[in-house]
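Mapping to our numbering: the sequence shown position 104 is 104, numbers consecutive. For reference, the structure is listed below as structure tokens.
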Amino acid sequence: MKAKEYLEGIKNGEISILSKAITLIESSREKDRKKANSLIDLCLKENRQSKIICVSGPPGVGKSTFINCLGSYLLKKNKVAILAIDPSSKKSKGSILADKTRMSEISNHDNVFIRPSPNQGKLGGINKNTNESIILCETFGFNIIIIETVGVGQSEINAHSISDCFILLTLPKSGDKIQAIKKGILEFADIIIIHKSDTIKKIELQKEKNYFSDMFNKNKIIKTFSSIESVNIEQIWKEIQKISLNSNKKNKQIDLLHDAIKEELEREFYKNEKIKNEINNLTNKIKMSNMNIKKVAKKLVNIFLK
Ligand SMILES: Nc1nc2c(ncn2[C@@H]2O[C@H](COP(=O)(O)OP(=O)(O)O)[C@@H](O)[C@H]2O)c(=O)[nH]1
Ligand SMILES: [Mg+2]
């Protein structure tokens with residue numbers, strides 16, 4: 001199938017073609033990557049824009065369940081795509097199935113598309129194709145796209161770069177110590193939701209809320225929510241909309257460019273025959289002796305640049 005045919009299928013609302021197109025952009029085969037690039041170019045010309053909401057937080061915090069709540073509310077008036085970036089490898093289908101059950105309420109809805117993707121070794125974050133999956137979903141006509149990611153480290157910055165609103169879920173009583181370590185991640189959040197609020201007394205919940213408010217000098221939106229009780233989801237949606245209005249997603253895209261450059265350089269580097277040989281030769285040497293690894297790396301890069 002040609003890039004143009006993919007585009008036609010996507011614009012005609014054929015879900016199976018959208019799925020195939022995402023598989024195409026996730027492929028690492030040279031031939032597929034060329035076609036994927038043409039398809040993305042065609043899609044960008046269509047110039048469709050959706051609201052991108054990222055829901056992040058550690059495993060088990062209730063991201064999928066929360067997305068099910070938010071999704072059911074939004075589906076009354078919108079077409080919603082959900083891209084769940086699976087932290088486990090391709091081998092484990094477990095959490096993908098779990099996500100499908102958590103999202104059981106919405107998964108049979110006509111206006112929803114749920115796509116779990118492995119995150120290809122990038123610990124916990126969005127994968128390098130998420131941005132392109134978003135473009136495909138936008139072209140299809142989903143006006144809201146929700147991304148589920150496990151919040152760990154560097155990748156959070158990427159997720160932040162592609163979203164209009166970045167929501168971080170946290171558990172009540174996670175303890176001050178953990179929170180302090182995660183402060184970096186918390187900084188990126190537009191909205192912090194203390195989730196599973198049904199599991200804790202109201203007074204404790206308020207303490208928790210105050211703790212976060214103080215941490216950010218009341219400059220961040222802190223909410224409490226229970227996806228089991230699912231009361232007042234519309235208030236959370238109001239906050240998301242307010243944040244999205246001031247979204248500076250386009251300004252943040254420079255981060256994506258840097259990521260793409262690194263990825264491109266890395267691919268070219270490891271494809272290089274001279275480098276492949278050098279690394280082969282070095283593997284044994286490194287085992288046998290104490291080498292200055294940084295120096296060796298520098299030498300390899302110099303060989304590559306010659
Ligand atoms: N008590 C309570 N449990 C919840 C809530 N939301 C999710 N859970 C449970 O937490 C577990 C993990 O939820 P899941 O959505 O899979 O978390 P994820 O790994 O962050 O996607 C499941 O057993 C859910 O039923 C909530 O608001 N309250
Ligand atoms: Mg999940």
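C-beta atoms are modelled at their ideal positions from N, C-alpha and C, and glycine is treated no differently.
Please name the residue or residues paired with Ser-117 in a DSSP beta bridge. Reading the sequence shown from its first residue, position 117 is the one you call residue 117. Its beta-bridge partners are Ile-85.
Starting from the C-beta of Lys-177, find all residues in its chain whose C-beta is less than 6 Å away, skip the five residues before and the five after it, and write them out in chain order. What you label residue 177 is simply residue 177 of the sequence shown in a count that begins at 1. Because the pLDDT at Lys-177 is just 49, under 50, the model does not fix this residue reliably, and the point stays unresolved.
Provide the residue span of the beta strand (DSSP E) that contains Leu-169, from first to last. In the sequence shown, the residue the question calls residue 169 occupies position 169. Counting along the chain, the beta strand (DSSP E) containing Leu-169 begins and ends at 165-170.
Would DSSP call Phe-216 helix, strand or coil? For the purposes of this step, residue 216 is identified with residue 216 of the sequence shown, where counting begins at 1. Note: Phe-216 maps to coil in three-state DSSP.
Residues in its own chain within less than 8 Å of Leu-257 by CB, not counting five upstream and five downstream? Position 257 of the sequence shown, counted from the start, is the residue given in the question as residue 257. Same-chain partners within the cutoff: there are none.
Between Lys-51 and Ile-144, is the Cβ-Cβ spacing less than 9 Å? Counted from its first residue, the sequence shown places residue 51 at position 51. Counted from its first residue, the sequence shown places residue 144 at position 144. Yes, they are a contact pair.
Could you spell out the range, first to last residue, of the alpha helix (DSSP H) harbouring Lys-274? Walking along the sequence shown from the start, residue 274 turns up at place 274. Here the alpha helix (DSSP H) through Lys-274 covers 273-288.
Closest by CA to Lys-2, which one among Asp-32, Ser-16, Asn-108, Ser-27? On the sequence shown, position 2 is the one that residue 2 refers to. Comparing Cα positions, the closest option is Asp-32.
For Ser-308, list the residues DSSP reports as bridge partners. Only positions 1 to 306 of the chain appear in the structure, and residue 308 is not among them; the question remains open.
Measuring CA to CA, which of Glu-138, Lys-77, Ile-53, Thr-65 is closest to Ile-324? Residue 324 lies beyond the stretch modelled for the chain, which goes from 1 to 306, so this question has no answer here.
Where Leu-44 falls, given that 16 or more other Cβ within 10 Å makes a residue buried: By 1-based counting over the sequence shown, the position of residue 44 is 44. Classification of Leu-44: exposed, given that the 10 Å Cβ count is below 16.
I think Ile-193 touches Lys-223, with their Cβ atoms under 8 Å apart; what is that distance to the nearest whole Å? Along the sequence shown, one-based indexing puts residue 193 at 193. Along the sequence shown, one-based indexing puts residue 223 at 223. With a Cβ gap of about 5 Å, Ile-193 and Lys-223 count as contacting.
From the DSSP output, which residues share a beta bridge with Ile-221? What you label residue 221 is simply residue 221 of the sequence shown in a count that begins at 1. The partner list for Ile-221 (beta bridge, DSSP) reads Ile-191.
In chain order, which beta strand (DSSP E) runs of at least 3 residues are fully inside the region 18-77? 51-56
Answer yes or no: do Leu-83 and Val-112 have a C-beta to C-beta separation smaller than 9 Å? In the sequence shown, the residue the question calls residue 83 occupies position 83. In the sequence shown, the residue the question calls residue 112 occupies position 112. No. Outside cutoff.
Secondary structure of Ile-15, DSSP reduced to three states: One-based indexing of the sequence shown puts residue 15 at position 15. Residue state, collapsed to three classes: helix.
Distance, Ile-233 Cα to Glu-239 Cα: Position 239 of the sequence shown, counted from the start, is the residue given in the question as residue 239. Position 233 of the sequence shown, counted from the start, is the residue given in the question as residue 233. Glu-239 and Ile-233: Cα-Cα distance of roughly 10 Å.
Would you kindly report the start and end of the unbroken alpha helix (DSSP H) that includes Thr-139? Here residue 139 is taken as the residue at index 139 of the sequence shown, counted from 1. It spans 130-140 - the alpha helix (DSSP H) in which Thr-139 sits, taken as one unbroken run.
Taking Glu-229 as part of the alpha helix (DSSP H), name the residues at either end of that continuous run. For the purposes of this step, residue 229 is identified with residue 229 of the sequence shown, where counting begins at 1. Here Glu-229 belongs to no alpha helix (DSSP H), and DSSP marks it neither H nor E.
Can you tell me whether Glu-319 is buried or exposed? The criterion is at least 16 other CB atoms within 10 Å of its CB, across all chains shown. As shown, the chain starts at 1 and ends at 306. That puts residue 319 outside it, with no answer to give.
For Gly-62, tell me which candidate among Lys-20, Asn-129, Glu-148 has the shortest Cα-Cα distance. For the purposes of this step, residue 62 is taken as the residue at position 62 of the sequence shown. Nearest option by C-alpha distance: Glu-148.
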